[in-house]
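Chains as they are written, first to last, in this note's numbering: chain A, 19 to 321; chain B, 87 to 227.
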């Protein structure tokens with residue numbers, strides 16, 4: 019019962035969706051202000067979701083059930099990741115063994131579900147988007163996992179988020195060391211790509227391939243994908259806070275940290291043009307991976 | 087007024103179809119999204135795929151090549167979806183009236199909900215038209 023409540027209401031579904039939609043509004047508002055526009059009101063993203071749930075769903079002549087079920091697959095597994103993460107942040111002693119690996123796997127699911135849905139829609143542009151998404155995953159997962167390994171080595175080889183938080187609470191945040199700072203930068207770029215923010219929004223390029231992976235989705239199914247994006251915007255910054263700035267997780271410090279990370283992501287999004295997929299791969303497997311490897315070596319040395 | 091129509095009027099996602107226009111109307115539509123007019127204040131967004139559209143903005147004189155394609159696009163849009171004719175060409179064929187290539191005006195092909203006249207219409211005229219459309223939907227339809 020408590021687990022169900024955790025999943026559906028507090029650290030899970032409802033909280034994640036509300037915070038994520040508000041963060042999405044924050045993104046749109048900051049982008050608008052940077053372009054000297056006024057920007058939408060704070061409830062805009064909630065209204066978008068409500069409207070999409072009232073629209074007609076068109077299912078193309080395709081593999082019907084894969085098309086319908088894949089958004090829910092990504093959404094529910096991501097909400098599970100958000101629940102695990104939220105519980106750990108509230109009660110670090112309640113985390114179970116190797117939950118960092120569970121979260122790592124669950125965070126890949128939205129991209130996988132997007133690929134499945136896009137390729138089952140039989141739209142050529144959607145399949146282009148799906149293939150780009152796949153290459154992007156291959157690109158950013160490597161430095162992301164390497165930076166996680168750096169954190170794990172720093173925190174006395176612990177693959178449990180609770181003890182990583184406890185370690186930081188007693189020995190200071192990871193980001194204030196050389197290895198932690200480098201790993202944070204690498205993980206931050208991976209987060210940017212996972213969120214689909216601007217230098218890496220290659221799979222959903224609105225102008226080139228008209229929405230890419232989402233092109234055939236309409237109505238409630240599109241709303242589920244938008245909610246997945248919102249929950250991702252809630253989960254990824256919290257994970258980074260948890261791994262790199264876990265010293266003080268009280269409300270008064272958690273909220274400025276969260277807003278700071280989202281703000282940095284939005285600023286990078288607004289000041290960089292979209293890059294090609296080969297450039298993205300070269301970027302992730304080149305400088306970012308080298309940075310992550312150096313941080314792993316530094317962490318092993320003990321810096 | 088139900089939540090559904092309220093939400094629809096507060097977040098109109100617009101898909102833009104050009105059926106052989108001279109591009110002036112298209113530029114004026116894009117002008118609505120620039121800092122001076124910023125139509126995103128009202129939740130209006132320009133989107134890339136018809137499947138996400140709530141309104142179709144159609145510009146240009148309907149020539150023989152583009153009419154069947156436009157009909158196809160209209161059939162692909164998910165259904166509470168309004169059609170807006172932007173510019174004099176879409177309204178009345180304007181100077182192409184007796185052209186060999188242009189047969190019928192837009193409202194003989196699709197059910198048009200809103201006409202925005204002008205050659206090209208100013209961004210202010212487009213915004214005024216959208217507020218009229220919102221009022222019309224709110225009144226009941």
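Ideal Cβ placement from N, Cα and C applies to all residues, glycine included.
In terms of residues, what are the limits of the beta strand (DSSP E) holding residue 101 of chain B?
-> 99-104
Run through DSSP, which three-state label would residue 182 of chain A get?
-> helix
Residue 280 of chain A versus residue 255 of chain A - alpha carbon distance | 7 Å
Rounded straight-line distance, which links the Cα of residue 170 of chain B to that of residue 199 of chain B = 6 Å
Does the Cβ-Cβ distance between residue 205 of chain B and residue 179 of chain B come in under 8 Å?
-> no
Nearest chain A C-beta to residue 90 of chain B closer than 8 Å, yes or no?
-> yes
Since I believe residue 212 of chain A is in contact with residue 250 of chain A (beta carbons under 8 Å), could you give me their beta-carbon distance rounded to a whole number of angstroms?
-> 7 Å
Residues from the segment 206-226 of chain B in contact with chain A, defined by Cβ distance under 8 Å = none
Three CB pairs or more closer than 8 Å across the segment 61-77 of chain A and the segment 228-237 of chain A | yes
Boundaries of the alpha helix (DSSP H) in which residue 216 of chain B is found, first to last residue | 209-225
How is the beta strand (DSSP E) around residue 143 of chain B delimited, first residue to last?
-> 141-145
Check residue 171 of chain A in the structure and name its three-state DSSP category.
-> helix
Whole-angstrom Cβ separation of residue 181 of chain A and residue 321 of chain A, contact assumed at under 8 Å?
-> Their Cβ separation, rounded to whole angstroms, is 21 Å, which puts residue 181 of chain A and residue 321 of chain A out of contact at 8 Å.
Where does residue 299 of chain A sit, in a helix, a strand or coil, going by DSSP?
-> helix
Which two residues bound the contiguous beta strand (DSSP E) that contains residue 200 of chain B?
-> 200-202
Is there at least one Cβ from chain B nearer than 8 Å to residue 240 of chain A's Cβ?
-> yes
Could you tell me which of B/159, B/213, B/104 and B/219 sits nearest to residue 146 of chain B, measuring between CA atoms?
-> B/104
What are the residues of the segment 129-143 of chain B that lie near chain C, defined by any Cβ-Cβ distance shorter than 8 Å?
-> The structure shown contains no chain C; the protein chains it does contain are A and B.
Roughly how many angstroms separate the alpha carbons of residue 151 of chain B and residue 140 of chain A, rounded to a whole number?
-> 26 Å
Environment of residue 114 of chain A [buried if 16+ CB atoms lie within 10 Å] | exposed
Measure from the C-beta of residue 124 of chain B to each C-beta in chain A and report whether the shortest distance is under 8 Å.
-> yes
Do residue 116 of chain A and residue 186 of chain A have their C-beta atoms within less than 8 Å of each other?
-> no
Could you tell me whether the segment 181-191 of chain B touches the segment 122-140 of chain B, using the rule of 3 or more Cβ pairs below 8 Å?
-> no
Starting from residue 172 of chain B, trace the beta strand (DSSP E) both ways and give me its first and last residue.
-> 168-172
C-beta atoms of residue 161 of chain A and residue 302 of chain A nearer than 8 Å = yes
Could you check if residue 89 of chain A is buried or exposed, using at least 16 other CB atoms within 10 Å of its CB as the buried criterion?
-> buried
Would you report the Cα separation of residue 189 of chain B and residue 177 of chain B, rounded to the nearest angstrom?
-> 13 Å
Does the beta carbon of residue 197 of chain B come closer than 8 Å to any beta carbon on chain A?
-> no
Please classify residue 112 of chain B: is it buried, with 16 or more other beta-carbons within 10 angstroms of its beta-carbon, or exposed?
-> buried
Who does residue 149 of chain B pair with in a DSSP beta bridge?
-> B/188
Answer with yes or no whether the minimum CB distance from residue 177 of chain B to chain A is below 8 Å.
-> no
State the Cα-Cα distance for the pair residue 135 of chain B and residue 83 of chain A, rounded to the nearest angstrom.
-> 22 Å
Quick one: using the 10 Å Cβ neighbour count with 16 as the cut-off for buried, is residue 239 of chain B buried or exposed?
-> Outside the displayed span of chain B (87 to 227) sits residue 239 of chain B, for which this structure offers no information.
Is any heavy atom of the ligand ATP found at a distance shorter than 7 Å from the C-beta of residue 271 of chain A?
-> No copy of the ligand ATP appears in this structure; indeed no ligand is present at all.
For the alpha helix (DSSP H) that contains residue 72 of chain A, what are its first and last residues?
-> That residue, residue 72 of chain A, is in no alpha helix (DSSP H); it is neither H nor E in DSSP.
Just mark residue 214 of chain B as buried or exposed, buried being the case when its beta carbon has 16 or more other beta carbons within 10 Å.
-> exposed
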